[in-house]
Ligand SMILES: NC(=O)C1=CN([C@@H]2O[C@H](COP(=O)(O)OP(=O)(O)OC[C@H]3O[C@@H](n4cnc5c(N)ncnc54)[C@H](O)[C@@H]3O)[C@@H](O)[C@H]2O)C=CC1
Ligand code: BAL
Ligand code: NA
């Protein structure tokens, strides 16, 4: 099917370097959330296909063309992938928007980030060659020791729909850089661009089995991957309940996992900020970018009482000015949410908030000019108390709830009043106060005078119920490495622990 001059490719599962029909031959429709139309379909993998892909991955590790590569050789593949991605950037960005509802501007930015992330891990793969073997000096004559950093093995990468190709890349690029063989299971709600990554890997001649891509439903394709005895690690980004299932399955085999499970992140705004509009825009971007479907969205605005009224007035003006439209339209700043399920979920959160006594200051309805599609106006909710669902639970939609504070102590208590621990933001020009908050925030990511800017050189992940482990940066590579110590006895003398029978 061709939409706006982009053909939706029809693909199979990408296993062992080729396209392969799923054993059970099932397919899942692709729905464009802007129109609610079916625009194609993706293959639905099951446990049988997981077995085939895991075997292909194991064989890749055993073969010299992947298992014995240097980091420099792997870097060449990663750079070739990045180059192909950029060649197809505009097509891939359109496909991402059609599949997920992301604005075309954000999809295009994602494709740049995806290519840059492959390039970044190409550099780290090269650097790994000099760090592969590290001597450790024990200051003993009788022992020579060193530490090897080796690929961990076969890794399962289970990813969400909010940044479909980018979240996959945060795991695929470092896994390949480390020399692992990977099986990617993208979200069934948005898999098109991840399948195209398969085509790109085929074109650049990535050795068969190094990366396998299995689209399909979570319980049918993700669960058998998590519990597979020959998968050495699972890296997951998605919801808390699914994270618990994956960790439980992996625990039976003592399989390591890393989990990035979203949050309910605070943005604390103090009255000493110089420019109200600049702070307002960050608050807006922090919660409404990507239609609020961001794990680190700062969806709790905690504002100093002295400026609350003026701040909210401006926030309202800015919010009303956001262009909501088909994500492919120029200047669109807010597209639909990803699916009918997510749409219903967002609307339910809003009605629950009303029923619990909160005030809908603005939004939360279907925009009048959009009759179809999973569109909802951005929402600002006030009169919130800390026992309300809207204060406590992740919505994953353009929903901002607001509370005020008087003192710094009160602000930090409100900020940390959450089971999650992914990100926190503070807006203040007082450097020492920002330092105090940096220490006090119980999260893995701190933003000062901004919210959301993300750089692939920096560790990404949280604490508390937001999970553990880190993507990105050198930390994102380490998790795909096995650290192996080698201890050699170099003395000609006997060990002399036991009495020799010949004496
Ligand atoms: N932390 C984050 O970045 C994300 C958080 N979410 C949250 O999750 C909510 C629900 O969204 P979903 O798409 O249903 O998230 P989900 O957590 O169910 O899906 C994420 C991935 O896990 C897979 N999966 C589902 N069940 C599985 C199982 N039993 N074993 C292995 N893999 C499984 C899915 O197929 C998908 O690839 C959202 O409303 C949002 O609150 C959703 C996406 C991303
Ligand atoms: N910048 C966003 C990453 C995420 O939502 O997972
Ligand atoms: Na879709």
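Numbering (the UniProt record's numbering), first residue to last: 1 to 503. Every residue, glycine too, gets a C-beta built ideally from N, C-alpha and C. Every value quoted in this text rests on a predicted model; they were computed, and no experiment measured them.
Name the one or two DSSP bridge partners that residue i has.
{"i": "residue 427", "result": "269"}
{"i": "residue 446", "result": "424"}
{"i": "residue 32", "result": "37"}
{"i": "residue 471", "result": "460"}
{"i": "residue 482", "result": "150"}
{"i": "residue 19", "result": "14"}
{"i": "residue 184", "result": "157, 213"}
{"i": "residue 144", "result": "488"}
{"i": "residue 382", "result": "359"}
{"i": "residue 300", "result": "266, 401"}
{"i": "residue 133", "result": "148"}
{"i": "residue 306", "result": "None; residue 306 has no bridge partner."}
{"i": "residue 260", "result": "237, 467"}
Under the rule that 16 or more other beta-carbon atoms within 10 Å means buried, what is residue i, buried or exposed?
{"i": "residue 486", "result": "exposed"}
{"i": "residue 172", "result": "buried"}
{"i": "residue 284", "result": "buried"}
{"i": "residue 21", "result": "exposed"}
{"i": "residue 5", "result": "exposed"}
{"i": "residue 310", "result": "exposed"}
{"i": "residue 447", "result": "buried"}
{"i": "residue 261", "result": "buried"}
{"i": "residue 252", "result": "exposed"}
{"i": "residue 139", "result": "exposed"}
{"i": "residue 72", "result": "exposed"}
{"i": "residue 298", "result": "buried"}
{"i": "residue 62", "result": "exposed"}
{"i": "residue 230", "result": "exposed"}
{"i": "residue 205", "result": "exposed"}
Can you check which of these residues, the options, is closest to residue i by C-alpha distance?
{"i": "residue 201", "options": "70, 41, 78", "result": "78"}
{"i": "residue 312", "options": "292, 276, 450", "result": "276"}
{"i": "residue 300", "options": "187, 416, 239", "result": "416"}
{"i": "residue 88", "options": "335, 108, 271", "result": "108"}
{"i": "residue 481", "options": "120, 446, 378, 180", "result": "180"}
{"i": "residue 319", "options": "73, 334, 330, 307", "result": "334"}
{"i": "residue 465", "options": "139, 83, 247, 291", "result": "247"}
{"i": "residue 398", "options": "443, 295, 387", "result": "295"}
{"i": "residue 17", "options": "304, 4, 214, 82", "result": "214"}
{"i": "residue 370", "options": "104, 70, 36, 8", "result": "36"}
{"i": "residue 178", "options": "102, 476, 53, 500", "result": "476"}
{"i": "residue 91", "options": "81, 104, 65", "result": "104"}
{"i": "residue 339", "options": "149, 98, 425", "result": "98"}
{"i": "residue 360", "options": "347, 157, 434", "result": "347"}
{"i": "residue 15", "options": "30, 24, 52", "result": "52"}
{"i": "residue 220", "options": "496, 421, 23, 413", "result": "23"}
{"i": "residue 290", "options": "368, 249, 452, 146", "result": "452"}
{"i": "residue 256", "options": "495, 12, 469", "result": "469"}
{"i": "residue 450", "options": "344, 349, 434", "result": "434"}
{"i": "residue 82", "options": "117, 421, 235", "result": "117"}
{"i": "residue 32", "options": "233, 362, 8, 19", "result": "8"}
Go through its chain and collect everything with a Cβ distance to residue i's Cβ below 7 Å, but skip five positions before and after it.
{"i": "residue 143", "result": "487, 488, 489, 490"}
{"i": "residue 274", "result": "429"}
{"i": "residue 351", "result": "none"}
{"i": "residue 163", "result": "110"}
Taking 8 Å as the cut-off, decide whether the C-beta atoms of residue i and residue j are in contact.
{"i": "residue 411", "j": "residue 302", "result": "yes"}
{"i": "residue 93", "j": "residue 326", "result": "no"}
{"i": "residue 100", "j": "residue 161", "result": "yes"}
{"i": "residue 170", "j": "residue 493", "result": "no"}
{"i": "residue 374", "j": "residue 342", "result": "yes"}
{"i": "residue 462", "j": "residue 444", "result": "yes"}
{"i": "residue 74", "j": "residue 127", "result": "no"}
{"i": "residue 197", "j": "residue 166", "result": "no"}
{"i": "residue 185", "j": "residue 153", "result": "no"}
{"i": "residue 209", "j": "residue 60", "result": "yes"}
{"i": "residue 279", "j": "residue 269", "result": "yes"}
{"i": "residue 193", "j": "residue 96", "result": "yes"}
{"i": "residue 380", "j": "residue 317", "result": "no"}
{"i": "residue 304", "j": "residue 271", "result": "yes"}
{"i": "residue 378", "j": "residue 322", "result": "yes"}
{"i": "residue 234", "j": "residue 57", "result": "no"}
{"i": "residue 467", "j": "residue 259", "result": "yes"}
Within a Cβ cutoff of 8 Å, which residues of the same chain sit near residue i, ignoring the five residues on either side of it in sequence?
{"i": "residue 384", "result": "353, 358, 390, 391, 401, 402, 403"}
{"i": "residue 217", "result": "28, 44, 188"}
Does the beta-carbon of residue i, which I'm using as the reference point, lie nearer than 7 Å to any heavy atom of ligand 4?
{"i": "residue 296", "result": "Ligand 4 is absent from the structure shown, which contains only ligand 1, ligand 2 and ligand 3."}
Please work out which residues of its chain come closer than 6 Å, Cβ to Cβ, to residue i, disregarding the five sequence neighbours upstream and downstream, and give them in chain order.
{"i": "residue 512", "result": "One cannot answer for residue 512 here, as it falls past the ends of the chain, which runs 1 to 503."}
{"i": "residue 224", "result": "47, 50"}
{"i": "residue 122", "result": "75, 78, 79"}
{"i": "residue 191", "result": "42, 215"}
{"i": "residue 336", "result": "33, 34, 101, 373, 374, 375"}
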